[in-house]
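Asks: First the structure, then my questions, so here it is.
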Amino acid sequence: MAKKGTISVTTENIFPIIRKWLYSDQDIFIRELVSNGSDAIAKFKRLVDIGEAEKSDDDSYQLHVNYDSENGTIEFIDNGIGMTEEEVDKYINQIAFSGAMDFVEKYKEESTDASGIIGHFGLGFYSAFMVADKVRIDTKSFQKDAPAVSWVSEDGMDYEIAESDRTERGTTITLTLSEETKGIFDGGKIRGILNKYCSFMPFDLYYSDVVADRKREADEAKKKKEAEDKGEEYKGYENTPSPINNTEPLWKKAPKDCTDEEYKEFYREVFHDFKEPLFWIHLNMDFPFHLQGILYFPKTNNVYETLEGRIKIYNHQVFVADNIEEVIPEFLFLLRGCLDCTDLPLNVSRSALQQDEYVKKLSSHIITKVSAKLNDVFKNDRKAFEGYWSDISIFVKYGMMKDEKFYEKVKDICLFKSVDGEFFTIEELTKAKEKDTIRYTKAPDQQAAYISMAKEKGFDVVVLNEELDNNFISFLEYKQHDVKFKRVDAELEGEAASEDEVKALSELFKTATGDDKLEVSAVALGADQLPAFIRETEEARRMAEMRKQFESMRTGKEDDPYKDLDSMFPIKKDLVLNTDHPLVLRLRGMASVADDKEKLDALCVHLYDQARLAHGSLDSEGLKRFLKYNSELLTKVAEKLS
Ligand code: ADP
Ligand code: MG
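See the structure below:
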């Protein structure tokens, strides 16, 4: 006889609230119902293992998801522990709603995405009502002689319990999809969701598109019959269903038993990345918390690549979410991997997660492991480490800026690549060479003249051309007071000329260029170096870079706070003349005789333009002038030769 009842709810309107909440991510009902089946099998298995239940050998643990497009139903079947009538009443009718109360209590204030945590409120089962007009449970407990029961509800509020004709141990949940969701959850969609959440479920999971399978079988049977009628032997293909999941993800295996090929294969399987990972870390610990997983350093230096789905968090092999920044420090999202955090307290709010001691320990443990791995590679195979550098440098630099602990652990192995393709640590660039500055360039080809001078002075010029390098060097200077970075054009070392000399040259170039603000200095840089350079001090250049950022914010209006950028960040570049160079000596000599003032000025302007050209700061007007005059000069030389 059927029994009717109303699920005991203290607050009438609780369900609509949850429904709205859950609505944000309908997909998760599949994960929740499959996990419930998996939990039910795990419970039964435990009983078998301790001898409290019996199982025959040919009875293998299985989960099935069957989609029937004609009837608009989805079945979730397990052969787990099952439920008695009392248990249905207790776990489905009562317990779930106390979970619901907690959920609403904790989340009414918070507007975060709840999909990752719903399962942890004992609400999983009710997620079925997000998509279904009718939910039916058929279940039979493992306990001998327990009658099978059915439970049916159309709205999650009123239910009917009756006897069921189920004969085997386990549970079947049948959803009749609502009109709106029928169109959404087709076979492809369901399959996709199963792949996302259930790929590593601990028990074999089968999927069947019932209508499609039926049609295929009918086709096969027809072909077979036709063949037999003709007296031929029919070799149709045998359709033995196989599980769609991998019940033993590699992270569960002991690291010592895993081969490189297995790690690479697993990476391909999970991330569909055809590029091989550089190296990886297998996390496997039971104390003080359970954490298993594999983190990969991907081969990529493309910062624009999507960060989605990079660090996947699992809970007992069930996918929870990607990139939970409350659990994993954000800079680690540049890596890829799977982490199974069994003890993750997901039943607390995400903002509380950040305060959680366990989560703090977890993330600090991961950071320790990652930096240890980097140090390991650096110490044991420096050449390999250097080979990886271009792929991992963004990760390391970004991590250093984001995380103090990480910074401390990797600061001594952070590398800089020189213009000659060699790699150096900070220590190797400074103390080991008795240098107090690190000379760098952004564009080695453009700054070749400066680079060769710096090299002559014994510097290894490093290339810093990544987007975050500006911030990174400021950060390093702030952290390590004895480290200073200078771009190659920021300093020109040599003996300074006398005051009179500077004054005379300064006059000469000011008049020639018609710019009486031009700063001119004179330094003996060596006879084989260029005659003139532009020097932009490190401070001035960094100011100029800041200025650029502000320029884009200019409004052009009267009250524009950035209208006076010229006085806020004056551009300061000075002309440095190499007093060792014969051309400079010659110009200086001509100045005191000065019989052809016009020619002298033209030569001075030309030299100034050349210096700006080598510096990369010559504007288009200047370039035109430079090329024109240069051609005239070449013509004259050619005429002399002929
Ligand atoms: P939770 O899984 O977090 O406990 P659910 O709402 O998903 O919350 O399920 C409520 C309870 O219903 C479960 O704890 C379990 O006791 C029972 N249950 C749900 N599905 C099954 C199933 N397939 N087999 C046996 N028991 C189940
Ligand atoms: Mg559940």
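Numbering (my numbering), first residue to last: 99 to 740. Beta carbons are placed, not taken as given, at the ideal position from N, Cα and C, and that holds for glycine. As the structure is a prediction and not an experimental result, all values here were calculated from the model.
Lys582 lies in the beta strand (DSSP E); which residues open and close that run?
Replies: It spans 582-585 - the beta strand (DSSP E) in which Lys582 sits, taken as one unbroken run.
Asks: If you follow the alpha helix (DSSP H) that Ser462 is part of, which residue opens it and which one closes it?
Replies: Ser462 -> alpha helix (DSSP H) spans 455-478.
Asks: Using a threshold of 7 Å, is the CB atom of Ala226 nearer than that to any non-hydrogen atom of the ligand ADP?
Replies: No, since every heavy atom of the ligand ADP falls outside the 7 Å radius drawn around the Cβ of Ala226.
Asks: Quick one: is the Cβ of Ser133 within less than 7 Å of any heavy atom of the ligand MG?
Replies: Under cutoff, so the answer is yes.
Asks: Using CA coordinates, which residue listed in Leu711, Lys503, Asp510 is at the minimum distance from Lys458?
Replies: The shortest C-alpha separation from Lys458 is found at Lys503.
Asks: From this set, Glu336, Pro680, Asp302, which residue's C-alpha is nearest Arg314's C-alpha?
Replies: The shortest Cα separation from Arg314 among Glu336, Pro680, Asp302 belongs to Glu336.
Asks: If you draw a straight line from the C-alpha of Ser213 to the C-alpha of Ala712, how long is it?
Replies: Here the model assigns Ser213 a pLDDT of 47, short of 50, so the residue's position is not dependable, and the following value carries that caveat. Answer to the nearest angstrom: the Cα atoms are 58 Å apart.
Asks: Inspect the CB distances between the region 233-243 and the region 278-295 and report whether three or more fall short of 8 Å.
Replies: They do not touch, by the three-pair rule.
Asks: Nearest CA to the CA of Leu705: which residue from Lys695, Leu681, Ser158?
Replies: The shortest Cα separation from Leu705 among Lys695, Leu681, Ser158 belongs to Leu681.
Asks: Based on the DSSP output, what are the partners of Ser158 in its beta bridges?
Replies: Partner(s): none; Ser158 has no beta bridge.
Asks: Tell me whether the region 470-482 and the region 496-516 touch, counting them as touching only if at least three CB pairs, one residue from each stretch, are closer than 8 Å.
Replies: As far as the Cβ criterion goes, the region 470-482 touches the region 496-516, which means the pair count is three or higher.
Asks: Compute the distance between the beta-carbons of Ala630 and Ala595, then report whether it is under 8 Å.
Replies: No, they are not a contact pair.
Asks: If we count Cβ pairs, one from each stretch, closer than 8 Å, do we get three or more for the region 162-169 versus the region 225-234?
Replies: As far as the Cβ criterion goes, the region 162-169 does not touch the region 225-234, which means the pair count is below three.
Asks: For Glu130, is the beta carbon positioned less than 7 Å from some heavy atom of the ligand MG?
Replies: Yes - the ligand MG has a heavy atom lying nearer than 7 Å to the Cβ of Glu130.
Asks: Per the DSSP calculation, Arg234 is bridged to which residue(s)?
Replies: BP columns for Arg234 point to Val250, Thr272.
Asks: Do Leu673 and Ala709 have their C-beta atoms closer together than 8 Å?
Replies: Result yes, Cβ atoms of Leu673 and Ala709 sit closer than 8 Å.
Asks: Specify the secondary structure class of Gln505 as computed by DSSP and reduced to three states.
Replies: A small correction: the amino acid at residue 505 is Tyr; Gln does not occupy that position in the sequence shown. In the structure shown, Tyr505 sits in a helix (DSSP, three-state: H, G or I).
Asks: Along the chain, where does the beta strand (DSSP E) that runs through Gly435 open and close?
Replies: Residues 434-438.
Asks: DSSP puts Trp378 in a beta bridge; with which residues?
Replies: Trp378 pairs with Tyr394.
Asks: Whose C-alpha, out of Lys141, Lys153, Asp155, Ser158, is nearest the C-alpha of Gly180?
Replies: Of the listed residues, the one whose Cα sits closest to Gly180 is Lys141.
Asks: Whole-angstrom Cβ separation of Tyr304 and Pro347, contact assumed at under 8 Å?
Replies: With 8 Å as the limit, Tyr304 and Pro347 do not qualify as a contact, their Cβ atoms being about 18 Å apart.
Asks: Is Ile190 near the ligand ADP, going by C-beta to nearest heavy atom under 7 Å?
Replies: Answer for Ile190: yes, Cβ within range of the ligand ADP.
Asks: Leaving out the 5 sequence neighbours to the left and right, which residues in its chain are closer than 6 Å to Phe364 when beta-carbon positions are compared?
Replies: Leu348.
Asks: Does the beta carbon of Thr528 fall short of 7 Å from some heavy atom of the ligand ADP?
Replies: Checking every heavy atom of the ligand ADP against the Cβ of Thr528, none is found closer than 7 Å.
Asks: Contact between the region 596-608 and the region 547-566: three or more CB pairs below 8 Å?
Replies: As far as the Cβ criterion goes, the region 596-608 does not touch the region 547-566, which means the pair count is below three.
Asks: So, helix, strand or coil for Val674, using DSSP?
Replies: If DSSP states are grouped into helix, strand and coil, Val674 belongs with the strands.
Asks: Report the rounded CA-to-CA distance for Val250 versus Ser491, giving the unit in angstroms.
Replies: Going from the Cα of Val250 to the Cα of Ser491 covers about 58 Å.
Asks: In this structure, how does DSSP classify Met644 when only helix, strand and coil are distinguished?
Replies: DSSP places Met644 in helix when its eight states are reduced to three.
Asks: Under 7 Å Cβ to Cβ from Pro353, same chain only, skipping five residues before and after it: list those, please.
Replies: Excluding residues within five positions, the ones whose Cβ falls inside 7 Å are His380, Asn382.
Asks: Select from Asn293, Arg366, Thr357, Glu324 the residue whose C-alpha is nearest the C-alpha of Pro341.
Replies: When each option's Cα is compared against that of Pro341, the closest is Asn293.
Asks: DSSP three-state call for Asn569: helix, strand or coil?
Replies: The answer is helix: DSSP assigns Asn569 an H, G or I state.
Asks: Only counting the same chain, and skipping five residues up and downstream in sequence, which positions put a Cβ closer than 6 Å to that of Ile271?
Replies: So the qualifying residues of the chain are Leu131, Phe174, Ile235.
Asks: When you compare only the Cα positions, how much space is there between Lys734 and Ala689?
Replies: Approximately 22 Å between the Cα atoms of the pair.
Asks: How is the alpha helix (DSSP H) around Phe417 delimited, first residue to last?
Replies: Careful: Phe417 lies outside any alpha helix (DSSP H), inside the beta strand (DSSP E) at 416-420.
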